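If you read the protein sequences in the order shown, they are chains H and X. Add 13 to the 1-based position in the first sequence for the working numbering, that's all there is to it. Add 19 to the 1-based position in the second sequence for the working numbering, that's all there is to it. These notes concern the structure reproduced below.
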Amino acid sequence: MDEHESDTGLITIDVTRRTVIETGTTALLLTTLPRAALAAGPIDDNEPPAPPVAIELQINGYPYLLTLDPRTTLLDALREHLALTGSKKGCDHGQCGACTVLIEGRRINSCLTLAVMHDGQSITTIEGLALGDNLHPLQEAFIEHDGFQCGYCTSGQICSAIGMLAESRLGMPSYVTDDLTQPAAKLTDVEIRERMSGNICRCAAYPNIVAAIKQAAGMPT
Amino acid sequence: MKSFTYQRADSATLAAAATLKPGAKIIAGGTNLLDLMKLQIETPSSLIDINRLPLDKIEDTPDGGLRIGALVRNSDLAADPRVRQRYGVLSRALLAGASAQLRNKATTGGNLLQRTRCYYFYDITKPCNKRSPGSGCAALAGFNRIHAILGTSEHCIATHPSDMAVAMRALDARVETVDREGGTKVIPIAEFHRLPGNAPEIETSLESGEIITAVTLPPPPPGVQVYRKVRDRASYAFALVSVAAIVDCTRGRIRSVRLAFGGLAHKPWRSARAEQRLTDAPANTATFNAAAKAVLEGARGFGGNDFKIALTRRTLHSVLAETTRT
Chain H
14 MDEHESDTGL ITIDVTRRTV IETGTTALLL TTLPRAALAA GPIDDNEPPA
64 PPVAIELQIN GYPYLLTLDP RTTLLDALRE HLALTGSKKG CDHGQCGACT
114 VLIEGRRINS CLTLAVMHDG QSITTIEGLA LGDNLHPLQE AFIEHDGFQC
164 GYCTSGQICS AIGMLAESRL GMPSYVTDDL TQPAAKLTDV EIRERMSGNI
214 CRCAAYPNIV AAIKQAAGMP T
Chain X
20 MKSFTYQRAD SATLAAAATL KPGAKIIAGG TNLLDLMKLQ IETPSSLIDI
70 NRLPLDKIED TPDGGLRIGA LVRNSDLAAD PRVRQRYGVL SRALLAGASA
120 QLRNKATTGG NLLQRTRCYY FYDITKPCNK RSPGSGCAAL AGFNRIHAIL
170 GTSEHCIATH PSDMAVAMRA LDARVETVDR EGGTKVIPIA EFHRLPGNAP
220 EIETSLESGE IITAVTLPPP PPGVQVYRKV RDRASYAFAL VSVAAIVDCT
270 RGRIRSVRLA FGGLAHKPWR SARAEQRLTD APANTATFNA AAKAVLEGAR
320 GFGGNDFKIA LTRRTLHSVL AETTRT
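Here it is in structure tokens:
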């Protein structure tokens, strides 16, 4: 086994294995990949990789110790090293929002940040939203309102919507907020659409996504 | 992505010193740098992570302005009550840029240093004097719809993509830096970004061994503040033309005005002559025409972007009409 619990209770994963872990249960895929294959992006420099960096991430409430090539994006750390494949790789350039996760409660594009930059921070992914069989209200609402067709953007949409509703509760304005001097803008359809513009849905389920978000926010749909 | 060594900076001075090493790059939000690294347009051999430095505060200055730490995230700056109350043009410009996810990560210093979105700069199979000095400019005779019409050179017609910097230019912001010996410098934003000239690869006056620590805003000038952005989509798109305007107008007469333009040049553009034409002038179509003519003096299209000349004139008219309405 390449995974072991240290005496501090942390989960440690060896970087040279592709390791599959799901919350609660553990399954290991014993395919050995060359180290370079674990880094994000094309590898054609024929140079030895830089020294790996050891970090600890708090993901969905669980601590994980990882030793990573510094090139590894947070998205690749989640998907390729921890088998948390709910966060999707769409464009890999911060343009589509499919990789959206929450870091310390704030939504970001996990494809455009390095995992090593987040040592010690707390990360929430789509896998961390449900409590057992009880779905998060946004997950429920997306199902109820058919907020997707193919579903590829959905985990990013839902994580983004959680971050967006938190921003709205904090009174953060958006580009379409009429009066920036008012402490908090009312969350209208126009506001929701503007605030969610970083999440693209190629199936164009937008009207249903807006309806799902409104329901989860306790607004009339 | 090429491999690099990674280290966290312990202080701004040490981070500044670390940039002297060939191939070293500072990483803050990383939203532009990592994008470019994936495409091997940027290929640093070492990254210095400054995210844990205490440069994330927005403080009042004794003269009634604001000092914005280099690591203040774009979303936090846009939402700050002091910015919303006194520097609405800056808040609106920030909110006009990128997406909420990117604004949560992108920093004040990084936004100033972001690089052009010229298609040919991004395409490593094409010549680009900015990416590969001396190789030529594919945009001159290529698809140049998004390119510059002012301050261009035969070597580069790229634009600066920032919205934030356009508002800061109108506000006469100052960029504070620190060097490896702890020496500080204040650079007026007008002198921070450069025109392409014959060295488009040099985009700012920031020197090696120097990093941005803060941006200071003088007290807000009197008047109405507006940021108008014209783009291909209603949200999440770069500006074709944008105008940051601060206009003080009473009873149909313009007392003072500041205008900065995005999407037109290699740096946020300001026209002293246009502002002179408007100052102490009646707010009417003739005045607005004279101002637009002054802004567009020397403007040149390259085929695909010819429309920007008329678009700039019309956007300026619209903004001036809005800000002088009584």
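Don't be surprised by glycine CBs; every beta carbon is placed ideally from N, CA and C. Small disclaimer: the values here were computed from a predicted structure and weren't measured.
Test: residue i CB closer than 8 Å to a CB of chain X
i, result
"L193/H", "yes"
"N122/H", "yes"
"D146/H", "no"
"D89/H", "no"
"I222/H", "no"
"G202/H", "Residue identity differs from the one stated: residue 202/H is Asp in this sequence, not Gly. Taking Cβ atoms only, chain X never reaches closer than 8 Å to D202/H, which makes this a no."
"G103/H", "no"
"T21/H", "Reliability fails at T21/H, whose pLDDT of 49 lies under 50, so the model's placement of it is uncertain and the value that follows must be treated cautiously. Not one chain X Cβ lies under 8 Å of T21/H."
"E140/H", "no"
"T39/H", "With a pLDDT of only 34 at T39/H, under 50, the local geometry of the prediction cannot be trusted, and the value read off the model is given with reservation. So no, T39/H is outside the interface."
"A53/H", "Caution applies to A53/H, whose pLDDT of 44 falls short of 50 and renders its modelled position unreliable; the model cannot decide the point."
"P83/H", "yes"
"E10/H", "Outside the shown range of chain H, which is 14 to 234, sits residue 10/H, and nothing can be said about it."
"T126/H", "yes"
"S135/H", "no"
"S210/H", "yes"
"R119/H", "yes"
Alpha carbon of residue i to alpha carbon of residue j, nearest angstrom
i, j, result
"P81/X", "P239/X", "13 Å"
"L58/X", "L127/H", "15 Å"
"M14/H", "I72/H", "Any reading at M14/H needs caution, since the residue's pLDDT is 33, under 50, leaving its predicted position unreliable; the model's value is listed next. Those two C-alpha atoms are separated by around 21 Å."
"V189/H", "K40/X", "44 Å"
"A158/X", "Y139/X", "6 Å"
"A167/X", "H285/X", "7 Å"
"Y106/X", "A96/H", "45 Å"
"L190/X", "P237/X", "7 Å"
"S100/H", "G169/H", "7 Å"
"V223/H", "T234/H", "9 Å"
"S337/X", "T269/X", "18 Å"
"L151/H", "A67/H", "34 Å"
"M130/H", "H174/X", "37 Å"
"A160/X", "S172/X", "13 Å"
"R319/X", "I328/X", "8 Å"
"F257/X", "A143/H", "37 Å"
"R86/X", "L132/X", "18 Å"
"A90/H", "N148/X", "35 Å"
"T334/X", "A263/X", "11 Å"
Where the alpha helix (DSSP H) containing residue i begins and where it ends
i, result
"I226/H", "Y219 to A229"
"G176/H", "T167 to R182"
"T127/X", "T127 to L132"
"Q26/X", "It is not in any alpha helix (DSSP H) - Q26/X instead sits in the beta strand (DSSP E) that spans T24 to R27."
"I328/X", "F326 to T343"
"Y139/X", "Y138 to Y141"
"P104/X", "The amino acid occupying residue 104/X in the given sequence is Gln; Pro does not appear at that position. First-last of the alpha helix (DSSP H) with Q104/X: P100 to R105."
"E294/X", "A291 to L297"
"K124/X", "A119 to K124"
"R57/X", "The sequence given here places Lys at residue 57/X; Arg does not occur at that position. That run of the alpha helix (DSSP H) goes L52 to K57."
Below-8 Å beta-carbon distance, residue i vs any chain H residue
i, result
"D142/X", "no"
"S22/X", "yes"
"G282/X", "no"
"Y255/X", "yes"
"A139/X", "Here residue 139/X is Tyr; the residue named in the question, Ala, does not match the sequence. False, the Cβ-Cβ gap to chain H never drops below 8 Å."
"G83/X", "no"
"L190/X", "no"
"L72/X", "no"
"L53/X", "yes"
For residue i, the first and last residue of its enclosing beta strand (DSSP E)
i, result
"V114/H", "T113 to I116"
"S122/H", "Checking the sequence, you will find Asn at residue 122/H rather than Ser. It spans R119 to N122 - the beta strand (DSSP E) in which N122/H sits, taken as one unbroken run."
"P207/X", "T203 to P207"
"P65/H", "From DSSP, P65/H is part of no beta strand (DSSP E); its letter is neither H nor E."
"E78/X", "I77 to D79"
"Q244/X", "V243 to V249"
Check each residue of the stretch 62-73 of chain H: if its Cβ is closer than 8 Å to any Cβ of chain X, include it; give the result in chain order. P62, A63, P64 and V66
If you pair each beta-carbon of the stretch 133-141 of chain H with each one of the stretch 187-206 of chain H, do three or more pairs fall below 8 Å? No, the stretch 133-141 of chain H is not in contact with the stretch 187-206 of chain H.
Where the stretch 172-188 of chain H meets chain X: residues whose CB sits under 8 Å from a CB there: S173, G176, M177, E180, L183, G184, M185, P186, S187 and Y188
Taking only beta carbons into account, state which residues of the stretch 102-114 of chain X come closer than 8 Å to chain H, listed in chain order. R103, Q104, G107, S110, R111 and L114
Would you call the stretch 217-231 of chain X in contact with the stretch 240-254 of chain X, where contact means no fewer than 3 C-beta pairs closer than 8 Å? Judged by Cβ distances under 8 Å, the stretch 217-231 of chain X makes no contact with the stretch 240-254 of chain X, as fewer than three pairs qualify.
Please identify, using Cβ separations under 7 Å, the residues of the stretch 118-129 of chain X that lie next to chain H, in order along the chain. S118, A119, Q120, L121, N123 and K124
With 8 Å as the limit, tell me which residues of the stretch 105-117 of chain H have their beta carbon closer than that to any beta carbon of chain X; keep them in chain order. D105, H106, G107, G110 and T113
Do the stretch 97-104 of chain X and the stretch 52-71 of chain X touch if we need at least three Cβ pairs shorter than 8 Å? no
Are the stretch 82-94 of chain X and the stretch 122-138 of chain X touching, with three or more C-beta to C-beta distances below 8 Å? yes
Mind listing which residues of the stretch 85-100 of chain X have their C-beta closer than 9 Å to chain H's C-betas, in chain order? R92, S94, D95, A97, A98 and P100
Residues of the stretch 56-69 of chain X in Cβ contact with chain H at a cutoff of 9 Å, in chain order, please. Residues passing the 9 Å Cβ filter: M56, K57, L58, Q59, T62, S64, S65, L66 and D68.
Residues within the stretch 37-51 of chain X neighbouring chain H, beta-carbon criterion of under 9 Å: I46, G48, G49, T50 and N51
Counting beta carbon pairs with one atom in the stretch 299-308 of chain X and one in the stretch 195-214 of chain X, are three or more of them shorter than 8 Å? no
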